[in-house]
Each structure stands twice: as structure tokens, then as C-alpha cells.
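The sequence shown: position 20 = 48 (our numbering), numbered continuously.
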Amino acid sequence: MTFWEHLEELRRVLLRCIAVVALFAVLAFIFKDEVFAIIFAPKSPDFLPRIFGSSPDIQLINTELTRQFVIHMMTSFYVGLIVAAPYILYEFYRFISPALYQNERRYSTPLVISSYLMFMSGTLFNYFIVFPITFRFLGNYQVDSSVENLISLESYIDTLVFLSLAMGFVFEIPILSWLLGRLGILHRQQMQQYRRHALVIILIIAAIITPTSDAFTLAIVSLPMYILYELSILLVPSKHR
């Protein structure tokens, strides 16, 4: 294929991906009640087990005339993108696979699948653990009893999306480490040698990701990150002597 034929094929791939995302986004827009029931579930007092303590139901507010409609559209797009992500990865893999060598093709398929699964694992971990704890802490935190918390719908959605993306990328640590190991940039002895340094970096990253300042939430985020680091050590090859 010539350069222009490759460009034309890429255009077709992009159009197919956009069409699938749009289809799922429209479905998400139509099934508004079901989608937002899932989105608003973490703010419910009964969402977390009783071990995390009790919390009143925090009501969200809207202060702009068009904001609810705009958020409805943006949320539908996010849902469409997440649902269509496997198809998008498949389309781009099919586009680049003819240019890969046989050994590269053997690794690329598990790499793409595992990357998506790890990212979704991170977002689910945030949805069920990190975000509910963060929302409960910040929603009830007061510098003084005379100052009431009025949390906007936009703030709720933005925080949920940000933490979901952050935890999704954090869960890519083993995949990234394995890839760097295959390229010869990283080896097991390095990761073992700098384990203490990694722990400090993990605590700093966890403190940046979580908007709260309490030690409990910091531990909830940093513990799986450290476990992922230890898992990465097992996946990275040893240094050749």
C-alpha cells in the first residue's frame, strides 16, 4: 500500500471508531436514569460497608441553567468511549498489525488486552473504594459548623472522572514495567534495589491523586500501588550477566 492508501485506511478506521462511540453515547444518553443511577451510587450512605462508618446522604446542587444538560451529554460521551474502547483497540491493532514482525505480533495482542483490563480494574477500584471514601470525607468535612457544604453536580462528575483516569493509569504500572523490561531499559535488580525509593514516590503520587489529606485514604490508594510495583518486579526480566 502507498502512503495515501495507508492514510485512507486510517481515515476509515477513525470513522468506524467515531461511529461506534457515537452509537454507544446515544444509547447512554437515552438510558439516562440507568447511567446516572450507577454514577450517583457511590454517594449513597449504604454504598460502603459499615466498617467505613456511617454518613448522611449528601445532596448535589446545580447552579447554572444549561449545566445539567451539558453534563448529561459529556457523561454520555465518556460512557460511549469506555464501552467502545475494546473495539477501538481492535481497530487500531488491526491497522498496525501488518507492519509488525511475527514475534512482535505474538506479544502485541496480550499487551493490548491486558492494558485494557488493567485500566478498567483501576477505574473499578476507584469506583468501589477510592471515590466513595474521598466523597464521604470531603462531603462531610467542615472547617466550622457554620459553613455548610453545597457540592455541585459538576464538581462531583469532575472528581469521579479525574480519579477514575488517575487510578486507571496507575494500574498500568505492571504493563509499563514489563514493556520497559522487554526493551532492555529496566531489569528486576534495578526495581529491587530502588524499592524504598519507589515507596516514597508512590506515597507522593498517592497524595497528589487523592484530594483528601487523611492517612486512611492515602493508605487505601498507596497500598495497591505498592502491590502493583511488587508484581512488576516479578514480570520484569533479570539483568543478563
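C-beta atoms are modelled at their ideal positions from N, C-alpha and C, and glycine is treated no differently. Fair warning: this is a prediction, and the values are worked out from it, not measured in the lab.
{"Check": "Residue 145 versus residue 237 - alpha carbon distance", "Outcome": "21 Å"}
{"Check": "Buried/exposed call for residue 269, threshold 16 Cβ in 10 Å", "Outcome": "Confidence in residue 269 is poor, its pLDDT being 47 and thus under 50, which makes the residue's placement unreliable; the coordinate value appears in the next sentence. With fewer than 16 other Cβ atoms within 10 Å, it is exposed."}
{"Check": "Cβ shell of residue 72 (< 7 Å), same chain only, five flanking positions each side left out", "Outcome": "85"}
{"Check": "Contact the segment 223-235 vs the segment 175-187: 3+ CB pairs below 8 Å", "Outcome": "no"}
{"Check": "Residue range of the unbroken alpha helix (DSSP H) whose run includes residue 186", "Outcome": "181-198"}
{"Check": "Three or more C-beta pairs below 8 Å linking the segment 158-170 and the segment 122-141", "Outcome": "no"}
{"Check": "Residue 139 to residue 171 span [Cα, whole Å]", "Outcome": "47 Å"}
{"Check": "Residue 54 - containing alpha helix (DSSP H), residue span", "Outcome": "31-58"}
{"Check": "Residue closest to residue 62, alpha-carbon to alpha-carbon, out of 154, 104, 45, 249", "Outcome": "104"}
{"Check": "Where residue 89 falls: helix, strand or coil (DSSP)", "Outcome": "strand"}
{"Check": "Residue 61 - DSSP class collapsed to helix/strand/coil", "Outcome": "helix"}
{"Check": "Cα-Cα separation between residue 218 and residue 137, rounded to whole angstroms", "Outcome": "27 Å"}
{"Check": "Proximity below 8 Å, CB of residue 216 to CB of residue 266", "Outcome": "yes"}
{"Check": "Cβ-Cβ separation, residue 205 to residue 251 (assumed contact under 8 Å), whole Å", "Outcome": "Wrong, their Cβ atoms sit about 18 Å apart, outside the cutoff."}
{"Check": "Environment of residue 163 [buried if 16+ CB atoms lie within 10 Å]", "Outcome": "buried"}
{"Check": "Distance between residue 134 and residue 244 (C-alpha atoms, nearest Å)", "Outcome": "42 Å"}
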